[in-house]
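Q:
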Amino acid sequence: MIVRPRANRRGITLIEILFSIGIVVIGVFGVMALLMLAGARARQAIDASATSAAGRQALGQLAVRGWQRTDMVLIQTPAGWQPLELIAALRQSNPAGFRQIFPDGRISYCLDPLFVGHSLASSSPMTPASPESRFPYGGSGRTIPALTMPRASVARQAGTVQPLTASVAARHVTLPDDLRFDLPEDRTLLPQQVFDRIAPNGAALRRANAGEFTWFATVTPGLDMSSSSVGGEPNHVTYVVSVVVLKNRNPRYRDTQGNVRTAERQVQIRRLLGNGHNGGTMQVVGQSASELAVQRGRWVMLSGLYVPNLQQPTPPVAYHAWYRVIGLTEPTFDTNLPAPNQWTRFLTLEGPDWPHWLDLSSGTPRVLHDSLRLTIVDHAVSVSSKTFRFEPLQSHW
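Going by my numbering, the first residue of the sequence shown is number 693, and it counts up by one from there.
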């Protein structure tokens, strides 16, 4: 039997060509995906660095402008706008049972002059009994009035009770380092800075910023209950000031159609795992998936009731702290949960230990974990906190 030698191939098959093209296409798409992901991560890193520095800068601005002084902070009461130093005398008239004030007169408040300025200029300005006068103003978990805080503004000048207007407040709370640039059509030219001018062709006043980043602050008394008080007022009290930086915030309570926005919402915490060490993991519940919407890397506020003295019949008071979301699950609908809060998800937070300890004499928890609430604020990209000791009309920052 004669066997003929196999002839050498002089080409490649169509299948090999298609296979090679597929490898090249997959590689190109992979590189494109990596470039897009790298660009997004780089943008997030830039925003995180800028907002963190801006938060620390805002803390300094608060001290420079004197906004931590009790005669400059204004809170709306049934008697009208009053400075914080007079609130202790008016706390008995705090409407609708809102009592988040510590037994010695200490009070938590949200310093938000931009929101207040827009509200007072609207067709339906805020009143002491309206939801927007408290922070947060919405959410299905907003069932314990003591876990909200009054929304405060700043006096136009010391000794007056007129809050800042929206335009003036915007100048103060808009971060100035987010500068604007124009890109020339000729790509060989450098980007051009944009200036605010007196007229279209007038003299330049200042470098213009994009106005993407604004801030507000929450001021919360610390948990040290050993400070002495004179005449019902704190003598030396530790406070925690947290500056919340937001990107592209809309500071209005209603949209153009008159509907209430959902940018601030408080939801109920069903379970807190690990007693809140370093923030920890928790299960939150709400009435819809959109109510529980939050992104990884954003900041949320945890609130709970604290019993100052178990040996005396003092009412529980509120404590608030901010945490960063580092992990989450998708919202799911659970029919086993009590209606109407049947949407749920788990969040993992990073931040300070949530206070949880027992009274040594009775073994009763000082923090009531069945009253925990979580406040979600859209576009909260950074929080900078500072602890300081407060004395009336003085700054110890």
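All C-beta atoms in this analysis are idealised placements derived from N, C-alpha and C, irrespective of residue type, glycine included. Since this is a predicted model, take the numbers as computed values, not measurements.
Can you tell me where the alpha helix (DSSP H) with Glu-708 in it begins and where it stops?
A: Looking at the DSSP string, the run of the alpha helix (DSSP H) that includes Glu-708 is 706–757.
Q: Take the Cβ of Pro-1025 as the centre, count every other Cβ of all protein chains shown within 10 Å, and call the residue buried at 16 or more, exposed below.
A: First, the residue type needs correcting, since residue 1025 is Phe and not Pro in the sequence shown. Phe-1025 comes out exposed.
Q: Ordered along the chain, which non-local residues of its own chain (more than five positions away) have a Cβ less than 7 Å from that of Asp-874?
A: Cβ within range, chain order: Pro-883, Gln-884, Val-886.
Q: Beta carbon of Arg-944, beta carbon of His-810: below 8 Å?
A: A contact, by the Cβ cut-off of 8 Å.
Q: In the DSSP assignment, find the unbroken beta strand (DSSP E) run with Ser-980 in it and report its ends.
A: Premise fails: Ser-980 is in no beta strand (DSSP E) and is neither H nor E.
Q: Determine the direct distance from the alpha carbon of Thr-819 to that of Ser-825, and round the result to whole angstroms.
A: Roughly 6 Å between the two C-alpha positions.
Q: Taking the beta carbon of Phe-827 as the centre, do at least 16 other beta carbons fall within 10 Å, making it buried, or is it exposed?
A: Looking at its Cβ environment, which holds 16 or more other Cβ atoms inside 10 Å, Phe-827 is buried.
Q: Evaluate Phe-807 with the Cβ neighbour count: other Cβ atoms within 10 Å of its Cβ, from every protein chain shown; 16 or more gives buried, anything less gives exposed.
A: Burial call: buried.
Q: Using CA atoms only, rank isn't needed, just tell me which of Thr-1021, Gly-1043, Pro-1044 is closest to Arg-1037.
A: Closest option to Arg-1037, Cα to Cα, is Thr-1021.
Q: My understanding is that Val-1017 touches Val-986, with C-beta atoms under 8 Å, so please give their C-beta distance in whole angstroms.
A: Yes, Val-1017 and Val-986 are in contact; Cβ-Cβ is about 6 Å, under 8 Å.
Q: Between the beta-carbon of Asp-804 and the beta-carbon of Lys-939, is there less than 8 Å?
A: The answer is no: Cβ separation not under 8 Å.
Q: On the three-state DSSP scale, how would you describe His-1012?
A: Residue state, collapsed to three classes: strand.
Q: Less than 8 Å between C-beta atoms, sequence neighbours within five positions excluded: which residues of the same chain meet that for Arg-674?
A: With the chain covering 693 to 1089 only, the question about residue 674 has no answer from this structure.
Q: On the DSSP bridge assignment, give the partners of Ala-896 in chain order.
A: Beta-bridge pairing links Ala-896 to Arg-889.
Q: Classify His-969: buried if its beta carbon has 16 or more other beta carbons within 10 angstroms, exposed otherwise.
A: It is exposed - the Cβ of His-969 has fewer than 16 other Cβ atoms within 10 Å.
Q: From the DSSP output, read off the bridge partner residues of Ala-1072.
A: Leu-938, per the DSSP bridge assignment.
Q: With burial defined as no fewer than 16 other Cβ atoms inside 10 Å of the residue's Cβ, what is the status of Ile-704: buried or exposed?
A: Exposed, because fewer than 16 other Cβ atoms sit within 10 Å of the Cβ of Ile-704.
Q: Quick one, are the C-beta atoms of Pro-1047 and Trp-1035 less than 8 Å apart?
A: No. Outside cutoff.
Q: Tell me the residue span of the beta strand (DSSP E) that contains Ala-844.
A: Unbroken beta strand (DSSP E) run through Ala-844: 841–846.
Q: Starting from Pro-805, follow the beta strand (DSSP E) in both directions and report where the run begins and ends.
A: First-last for Pro-805: 805–812, but that is the alpha helix (DSSP H), not the beta strand (DSSP E).
Q: Excluding the five sequence neighbours on either side, which residues of its own chain have a C-beta within less than 6 Å of the C-beta of Val-765, listed in chain order?
A: The answer, listed in chain order, is Leu-776, Ala-844.
Q: Taking the straight line between their C-alpha atoms, what separation do you get for Asp-870 and Gly-758?
A: Roughly 24 Å separates the two Cα atoms.
Q: Tell me whether Glu-1042 sits in a helix, a strand or coil according to DSSP, three-state version.
A: The answer is strand: DSSP assigns Glu-1042 an E or B state.
Q: Quick check: what's the CA-CA separation for Gln-736 versus Gly-989?
A: Their Cα atoms are separated by approximately 9 Å.
Q: Got a sec, what are the start and stop residues for the alpha helix (DSSP H) Arg-963 sits in?
A: From DSSP, Arg-963 is part of no alpha helix (DSSP H) but of the beta strand (DSSP E) over 956–964.
Q: Locate the beta strand (DSSP E) running through Ala-909, then write down its first and last residues.
A: Residues 905–913.
Q: For Arg-879, which of helix, strand or coil comes out of DSSP?
A: It is coil, neither helix nor strand.
Q: Can you tell me whether DSSP reads Gly-968 as helix, strand or coil?
A: In this structure, Gly-968 counts as helix in the three-state DSSP scheme.
Q: Report the residue from Tyr-1011, Arg-733, Trp-907 whose alpha carbon sits nearest the alpha carbon of Pro-1044.
A: It is Tyr-1011 whose Cα lies nearest to the Cα of Pro-1044.
Q: What did DSSP end up calling Pro-837 once you bin it into helix, strand or coil?
A: It is helical.
Q: Quick one: what does DSSP say Ser-825 is sitting in, helix, strand or coil?
A: It is helical.
Q: In the DSSP assignment, what residue or residues form a beta bridge with Met-818?
A: For Met-818, which the question treats as bridged, DSSP gives no partner whatsoever.
Q: Straight-line CA distance for Arg-879 to Gly-714?
A: Roughly 35 Å separates the two Cα atoms.
Q: Measure the C-alpha to C-alpha separation of Val-720 and Leu-1029 and round it to an integer number of angstroms.
A: Going by the C-alpha atoms only, they are around 47 Å apart.
Q: Roughly how far, in whole angstroms, is the beta-carbon of Thr-910 from the beta-carbon of Val-936, given that I think they are within contact range, below 8 Å?
A: Rounded, the Cβ-Cβ distance is 7 Å, consistent with contact.
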